[in-house]
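Residue numbers (numbering that gives the first Met the number 0): 0 to 453. Idealized CB from N, CA, C, for every residue including glycine. It should be emphasised that the depicted structure is a prediction, and the values quoted were computed from it without experimental measurement. Quick notes on the structure that follows.
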Amino acid sequence: MGETVKFTLSEDRIPRSWVNLLADLPGDPPPPPLNPQTGEPAGPDDLAAIFPIGLIEQEVSTAPEIEIPDEVREIYRLWRPTPLFRARRLERDLDTPAHIYYKYEGVSPAGSHKPNTAVAQAFYNREAGIKKLSTETGAGQWGSALALACELFDLECEVFMVGISFDQKPYRKAMMETWGATVHRSPSDLTEAGRSQAEHTSGSLGIAISEAVEVAAGSEDTNYSLGSVLNHVCLHQTVIGQEAIAQMEQAGEAPDVVIGCVGGGSNFAGVAYPFLRRRLREGIETRFVAAEPAACPTLTRGRYAYDFGDTVGMTPLMPMYTLGHDFVPPPVHAGGLRYHGDAPSLCGLVRGGLVEAKAIAQTAAFEAAVRFARIEGIIPGPEPAHAIRAVFDEAEAAREAEEERVILFNLSGHGHFDMSAYAAYFAGELEDLEMPEDELEAALARLPEAPALA
Ligand SMILES: Cc1ncc(COP(=O)(O)O)c(C=O)c1O
Numbered sequence: 000m001g002e003t004v005k006f007t008l009s010e011d012r013i014p015r016s017w018v019n020l021l022a023d024l025p026g027d028p029p030p031p032p033l034n035p036q037t038g039e040p041a042g043p044d045d046l047a048a049i050f051p052i053g054l055i056e057q058e059v060s061t062a063p064e065i066e067i068p069d070e071v072r073e074i075y076r077l078w079r080p081t082p083l084f085r086a087r088r089l090e091r092d093l094d095t096p097a098h099i100y101y102k103y104e105g106v107s108p109a110g111s112h113k114p115n116t117a118v119a120q121a122f123y124n125r126e127a128g129i130k131k132l133s134t135e136t137g138a139g140q141w142g143s144a145l146a147l148a149c150e151l152f153d154l155e156c157e158v159f160m161v162g163i164s165f166d167q168k169p170y171r172k173a174m175m176e177t178w179g180a181t182v183h184r185s186p187s188d189l190t191e192a193g194r195s196q197a198e199h200t201s202g203s204l205g206i207a208i209s210e211a212v213e214v215a216a217g218s219e220d221t222n223y224s225l226g227s228v229l230n231h232v233c234l235h236q237t238v239i240g241q242e243a244i245a246q247m248e249q250a251g252e253a254p255d256v257v258i259g260c261v262g263g264g265s266n267f268a269g270v271a272y273p274f275l276r277r278r279l280r281e282g283i284e285t286r287f288v289a290a291e292p293a294a295c296p297t298l299t300r301g302r303y304a305y306d307f308g309d310t311v312g313m314t315p316l317m318p319m320y321t322l323g324h325d326f327v328p329p330p331v332h333a334g335g336l337r338y339h340g341d342a343p344s345l346c347g348l349v350r351g352g353l354v355e356a357k358a359i360a361q362t363a364a365f366e367a368a369v370r371f372a373r374i375e376g377i378i379p380g381p382e383p384a385h386a387i388r389a390v391f392d393e394a395e396a397a398r399e400a401e402e403e404r405v406i407l408f409n410l411s412g413h414g415h416f417d418m419s420a421y422a423a424y425f426a427g428e429l430e431d432l433e434m435p436e437d438e439l440e441a442a443l444a445r446l447p448e449a450p451a452l453a
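Spelled out as structure tokens, the structure:
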């Protein structure tokens, strides 16, 4: 037998609790979300119309760990623990002294990390007596995950899918329908929010969120479910990093750098926060790199300010880097990365210098993803392709520095439903769309009135 490539854990090693990094953050507590009407901190009451109490408690919790309910762990068994790979073939191909590891979340039934939180969210909603969940989806990964979770917990599921992805990915829709969900193209004419944004025919995550929130707010037994950004979503994803810590121990190494792509921040948080907690508690030196698309450069070019989480302005104001809530990002093929804001927890970490942010152009991401697929076999989703590009850059830097740098990244999903994007790349049709400065300034000028953030 040659050297180990795959590090696996038995089912009894599925984590028993989620890691709440907020409890370990140094300095002042992060700024609270605000009620846009009163300007006061948004409390549980502001969230109760669309979220169940179990998730609201997690959203504001300061406990360092939160126990995973047995029913959720039972469902996690369907695909967890996920494997950790050592990309030995890639290391040789890149001719780098770096050791490259990746945690692969594409083995879940929906094909990404998203079911880790979808299952938890469906569980707490069912516990609260809710009958239906509404949500948005970009690339279709989140909608598929929630459709699956609702099916498993006997809930109805209604999904507003960003128009351009709806057109590009008919099979994602069929997948959601297989798991019993109803899927609409967004903007739709079913909601006020959708009708008000009809001219943005390609849609955006911000618009689809407004539609889904409106549906939930208008019905007693319907709640809304968000696939990223919020504290409880990032929390649920920490099963990824906790397993990775155990698997890296099996491999006898610890990462010098942890890399993930960022749409709203949840898969990045999932892989990074357990390692970040170790750094904060035990002083283990580790760098963290968040890779975002150059066409939707929230962390690298956005403003740190209070802004709405959706386009129409129905959510609490959140302290985050933002490109402006009514900014409609250009139609890059990584649909899951087209969001104007990011998780407030991640934004605070970038601002505090604990996490580095890097913008990646989409052709560079696809070039890296194709090389990865040809060497390692797995065809990455366009979202983690951005992380892979950042990994290549680290591996090259390690070669130049002649350093045996240990790199860990999260391969958050496969690209089997994204082959039209690969086809566009092979046909030379992918463009590197940079956000023009004047458009950014104009979007930022429309930020809501709120206290400035220090
Ligand atoms: C495979 C995959 N990775 C990453 C993301 C980005 O989301 P997040 O930053 O919340 O992980 C998405 C979003 O849909 C996705 O489908």
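For my contact list, residue i and residue j are in at a C-beta cut-off of 8 Å; report their separation, rounded to the angstrom.
| i | j | result |
| --- | --- | --- |
| V256 | R404 | 7 Å |
| L147 | P114 | 6 Å |
| P343 | V18 | At roughly 17 Å, the Cβ-Cβ gap does not stay under 8 Å, so P343 and V18 are not in contact. |
Ligand 1 and residue i: does the residue's C-beta get closer than 8 Å to at least one heavy atom of that ligand?
| i | result |
| --- | --- |
| E382 | yes |
| F159 | no |
| G202 | no |
| N34 | no |
| H339 | no |
| F307 | no |
| C260 | yes |
| A372 | no |
| Q249 | no |
| K113 | yes |
| V288 | no |
| S227 | yes |
| L93 | no |
| W17 | no |
| V390 | no |
| L443 | no |
| G301 | no |
| F267 | yes |
For the beta strand (DSSP E) containing residue i, name the first residue and the last one.
| i | result |
| --- | --- |
| L145 | L145 -> not in any beta strand (DSSP E); alpha helix (DSSP H) instead, spanning 140-151. |
| L316 | 316-321 |
| S419 | Counting along the chain, S419 falls outside any beta strand (DSSP E), though it belongs to the alpha helix (DSSP H) covering 418-425. |
| D325 | Here D325 belongs to no beta strand (DSSP E), and DSSP marks it neither H nor E. |
| S16 | 16-18 |
| M160 | 155-161 |
| K357 | 355-359 |
Would you give the residue range spanned by the alpha helix (DSSP H) that residue i belongs to?
| i | result |
| --- | --- |
| I239 | 238-250 |
| C233 | 230-235 |
| P383 | 381-400 |
| R286 | Here R286 belongs to no alpha helix (DSSP H); instead the beta strand (DSSP E) covers 286-292. |
| I74 | 69-75 |
| R300 | 297-300 |
| L458 | Residue 458 is absent from the model: the chain starts at 0 and stops at 453. |
| N115 | 114-126 |
| T177 | 169-177 |
| R85 | Where R85 is concerned, there is no enclosing alpha helix (DSSP H), although the beta strand (DSSP E) it sits in stretches over 83-85. |
| V212 | 204-216 |
| S185 | Looking at the DSSP string, S185 is not in any alpha helix (DSSP H); the run it does join, the beta strand (DSSP E), is 181-185. |
| E436 | 436-444 |
Under the rule that 16 or more other beta-carbon atoms within 10 Å means buried, what is residue i, buried or exposed?
| i | result |
| --- | --- |
| I283 | exposed |
| A441 | exposed |
| F425 | exposed |
| E454 | Absent from the structure is residue 454, since the part of the chain shown begins at 0 and ends at 453. |
| S9 | exposed |
| T61 | exposed |
| D341 | buried |
| E428 | exposed |
| I129 | buried |
| G376 | exposed |
| M455 | Limits of the chain in this structure are 0 at one end and 453 at the other, which puts residue 455 out of reach. |
| R76 | exposed |
| A211 | buried |
| R79 | buried |
| R91 | exposed |
| R171 | buried |
| E448 | exposed |
Based on Cα-Cα distance, which residue from the options lies nearest to residue i?
| i | options | result |
| --- | --- | --- |
| V71 | A420, A119, E39 | A119 |
| H235 | E66, D431, A444 | E66 |
| N230 | W178, C346, Q241 | C346 |
| V354 | P30, A268, S224 | A268 |
| G217 | L348, S133, Q196, P379 | S133 |
| R88 | S411, F371, A396 | F371 |
| H112 | A451, V18, S411 | S411 |
| F84 | P32, A41, L154, V4 | V4 |
| Y103 | A444, A386, M317 | A386 |
| E395 | P381, D417, A367, R373 | A367 |
| E198 | S185, I208, F391 | S185 |
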